[in-house]
Each structure stands twice: as structure tokens, then as C-alpha cells.
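For reference, the structure discussed in these notes is given below.
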Amino acid sequence: MSRPVQARINLENIQYNFSTAVAHASGARVMAVVKANAYGHGAVAVARHLSRADAFGVASIEEAIELNDAGVAQPVVLLGGVFASEEWAVIGQRGFQAVIHNQAQLEGLLAHRTVAAGTGLVIWLKVDTGMHRLGFTEAEFIRARGRLLASGKVAKIVAMSHLACADEPGHSMTEGQLRRFKRAVSGHDGAKSIANSAALLTSPETHFDWVRPGIMLYGGNPLVEALPEHLNLLPAMTLTSRLVEVREVAAGETVGYGGQWRLPKRSRIGTVAIGYGDGYPRHARAGTPVLVRGKRAALVGRVSMDFITVDLGRIPDAQVNDEVELWGERLPVEIVAANAGSINYDLLTGVSSRVPRKYAGSG
Ligand SMILES: *Cc1c(COP(=O)(O)O)cnc(C)c1O
-16 MSRPVQARIN LENIQYNFST AVAHASGARV MAVVKANAYG HGAVAVARHL
34 SRADAFGVAS IEEAIELNDA GVAQPVVLLG GVFASEEWAV IGQRGFQAVI
84 HNQAQLEGLL AHRTVAAGTG LVIWLKVDTG MHRLGFTEAE FIRARGRLLA
134 SGKVAKIVAM SHLACADEPG HSMTEGQLRR FKRAVSGHDG AKSIANSAAL
184 LTSPETHFDW VRPGIMLYGG NPLVEALPEH LNLLPAMTLT SRLVEVREVA
234 AGETVGYGGQ WRLPKRSRIG TVAIGYGDGY PRHARAGTPV LVRGKRAALV
284 GRVSMDFITV DLGRIPDAQV NDEVELWGER LPVEIVAANA GSINYDLLTG
334 VSSRVPRKYA GSG
């Protein structure tokens, strides 16, 4: 038998979450964000399954090419912009859409020889409405839009922005960003887009023409608070491994690297074949739950590269080869993230390439 760690991906749950996105999108078109290998779930498998998505969002041309090579038919949008002018030729050939969020990208496209007038490019032009990471100021946006349209290289422009505090519903920042966005795009008669998962679920005034859900598709809660009762998202990834050792350890002994964790009383310590080399968070603290036989056992000792150790004192029947759920359908990834000083996005995207993904619900 090979190393028992695996990430089971439930594509039906992703489909269900996508339907929830559609149901709450006020009729806006839905771009399913599948960057970072669909937040660790496998971009090609997810994109093939979401046949009703209106577009897919990725972070790089490599991610876009992967989807295109796999025969994904919907438009693929380069949300991270264009990093080098050479990309424009590929964008033109493969029919990708791209975000332009700075002057260098704009000049790169306008000067590019192989992207001729009449190519029918769709450009997502980004306004910096207050996040101050990417995007044009309001005045720059209006100028950039005018130059793109005048160049004849662009068939359509989608005006877009990104929200900094949508994960805290009712935050004044969102209101301010919306105000700036509306001012910047007041002369833009094309499509508009600003909502991520959090805004999609909690702020209908942000929906406009396109919503861009990511984390919610994978069952992750996009909010810093609990989701409202009526919103039910289903976790799509269940990360499991198995107990490979179970041993009695005496009170006063320590467990793991550094000898930092000491047994307050005699207990049974289980060793699970998973570690930070698989993407289990190294900073998960003692007490972080894992599920064994449907019960919660507590992480003890430091997370190492290939193994973790757990206290099985409250699960007397636990034995070698038992399956252990690290997070997933029965243990929310948000709980593990909170115990590791991290967030669901980080844990899901961090599951490493050595963890085999097993797909269910692909029919
Ligand atoms: C990643 C990303 C999203 C999706 O955000 P979630 O919080 O995962 O829904 C939307 N828009 C842009 C521009 C992004 O980069």
C-alpha cells in the first residue's frame, strides 16, 4: 500500500455551491474563479464539471493554457493581468481575456504588433477603488478606456475593481469603494464587475453584470463571521490520511521535534501520515482537532514534514490504519485554519502536489 494521504474532491458539492452562487447573483453572469489550481481542487477537473459557468478566472497565462489545452470552452480571464508583452500573442491566438491594471500593460497592448485592430479582444480594465494594490485611478481609467477603444484592438471592455473588506459585511470600506467605482465608470456603457464570493453572498448592490466567486465554490466561508443560516455551502475537499502508529507514552514524556509538548498524563499517541510537506499547516497549535472514528482527537507536538502526532486518549478503540480526517465534510477547514493562525484560502491552496486528488461525483 502506498502512503495513505489523499484529498477527496466532491465535484457535486462544487456544482451545488456554484448553483448557490447563481441563485444569489441577481442575474449577473458568473465567472468561476479557478486560479491556484482551483484553490487546490484541480482546475481542469473543476472547470470541466462547471459547464454552466459563464467564464473562468485564473492568475496566469500558464493556468489559462492548461484549461485551453484541456478543451474548456468558456472564456478564460487572466485576473492577474499580463506580466510580459509576449503574452499578448498567446492571448490573441487562444481567445483569452485579460485584465489590464496598469499603464505598462496598456502600452504593451497598444504597441503590440500581432494583436491587430479587429481581433475582438475583451479587456477587463481595473480601477483602484481603495485597495491600493492594482488598478488605475478614476482619471487614469477614463483615459485608458478611451485609448483602448480608439485603438480598435478591443471589442469590449469590462470595468472591474476588487474589494478589500467584503469579508466583513457592512464594512464602510465597501461602501466607499462602490462609490468610487460608480464614479469612475459613470461614462462606461459596457459591463461592470466588482463582487467576489463575500460580496456576492452579502451585498447585492455589488453584483452589476459579472460576479467572480472563488472560495465559496469550494465550500469555504468567505466571511470573517459565520455564514447566515439560509446560506449553505458544502465543503468540496476532504483531506484524509491514516494512523500509521499508535503507542502508549508515559506522563512527563515529550512528543515531537523540540520536545516542546509534554504529556500531562499517560496517554495513547497516534502518528498520522501527513505533514507540512503535504500542506498541513506547520503552525497548527496543540489542540487542533482531527477526526478519528468520527471523534475529535487533538494535535500534540510539532507538525513535521511527513507526520503529525495526536492524542488518542479519548478514543480508546482507535488503532493503526484508521482513517483520519484533517479537514473536510465533517471537520470545517475554517476550524483548522483558526488553530493555525491562517485562513481557509491558504490551507486549501496549500495542499501540495504530492497529495493525490481523488474525484467523486464527476458523473
Ligand atoms: C481571487 C479573486 C476573486 C475570487 O475571490 P474569492 O474571495 O475567493 O471569492 C475575485 N476577483 C479577483 C480579481 C480575484 O483575484
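Numbering-wise, the sequence shown is residues -16 to 346 according to my numbering.
Every residue gets a Cβ at the ideal spot worked out from N, C-alpha and C, and that includes glycine.
Distances from the CB of Pro218 to the heavy atoms of ligand 1 are all 7 Å or more. For the pair Gly258 and Asp289, the CB atoms are nearer than the 8 Å cut-off. The Cβ atoms of Gly129 and Met220 do not sit closer than 8 Å to each other.
Using a C-beta cut-off of 8 Å, the region 280 to 287 makes no contact with the region 194 to 210, since fewer than three inter-stretch Cβ pairs fall below that distance. Nearest Cα to Arg265 within the set Ile252, Ser250 and Ala321: Ala321.
Assigned with DSSP and collapsed to three states, Val17 falls in coil, not helix or strand. At a threshold of 7 Å, Ile(-3) does not count as near ligand 1, since its beta carbon sits no closer than that to any of the ligand's heavy atoms. Closest by C-alpha distance to Leu146, out of Ala181, Ala174, Asn215 and Ala127, is Ala181. When DSSP reads this structure, Pro272 sits in a beta bridge with Ala281. In the DSSP annotation of this structure, Val29 is not part of any beta strand (DSSP E); the continuous alpha helix (DSSP H) holding it starts and ends at Ala26 to His32. Not one heavy atom of ligand 1 is found less than 7 Å from the C-beta of Ala30. Excluding sequence positions up to five before and after Thr102, its CB lies within less than 7 Å of the CB of Gly75 and Lys136, all in the same chain and listed in chain order.
Here the alpha carbons of Phe191 and Ser176 stand approximately 6 Å from one another. In the three-state DSSP reduction, Phe66 falls in the coil class, being neither helix nor strand.
Shown here for Ala323: same chain residues with a beta carbon closer than 6 Å to its own, the five before and five after excluded, namely Pro264, His266 and Ala267 in chain order. Not one heavy atom of ligand 1 lies closer than 7 Å to the C-beta of Leu50.
Residue state for Ala138 is assigned as strand, using DSSP reduced to three classes.
When only Cα atoms are considered, Gln86 and Phe119 end up about 8 Å apart. With distances taken between CA atoms, Leu216 lies nearest to Tyr201 out of Leu295, Ala47, Tyr201 and Thr223. In the DSSP assignment, Gly40 forms a beta bridge with Val16 and Val60. Fully contained in the region 152 to 189 are the following beta strand (DSSP E) runs of length 3 or more, in chain order: 175 to 178. Boundaries of the alpha helix (DSSP H) harbouring Tyr(-1): Leu(-6) to Ala6, taken from the DSSP string. A direct Cα-Cα distance of roughly 27 Å separates Gly333 from Phe79. DSSP places Val319 in no beta strand (DSSP E) but in the uninterrupted alpha helix (DSSP H) bounded by Val316 to Asn322. For Ala256, the secondary structure class from DSSP, reduced to helix, strand or coil, is coil.
Apart from sequence neighbours up to five positions away, the residues of its chain that approach Gly262 with a beta-carbon distance below 6 Å are Gly333, Val334 and Ser335, ordered along the chain. Judged by DSSP in its simplified three-state form, Arg128 adopts helix. Here Val13 is not near Ala6, since their CB atoms are 8 Å or more apart.
At least one heavy atom of ligand 1 lies closer than 7 Å to the C-beta of Ala181. Taking a contact as a CB-CB distance under 8 Å, the pair Ala28 and Leu62 does not count as one, their CB atoms being some 20 Å apart. If you draw a straight line from the Cα of Leu309 to the Cα of His154, it is about 33 Å long.
Taking 8 Å as the cut-off, the Cβ atoms of Arg(-9) and Ala256 do not count as close.
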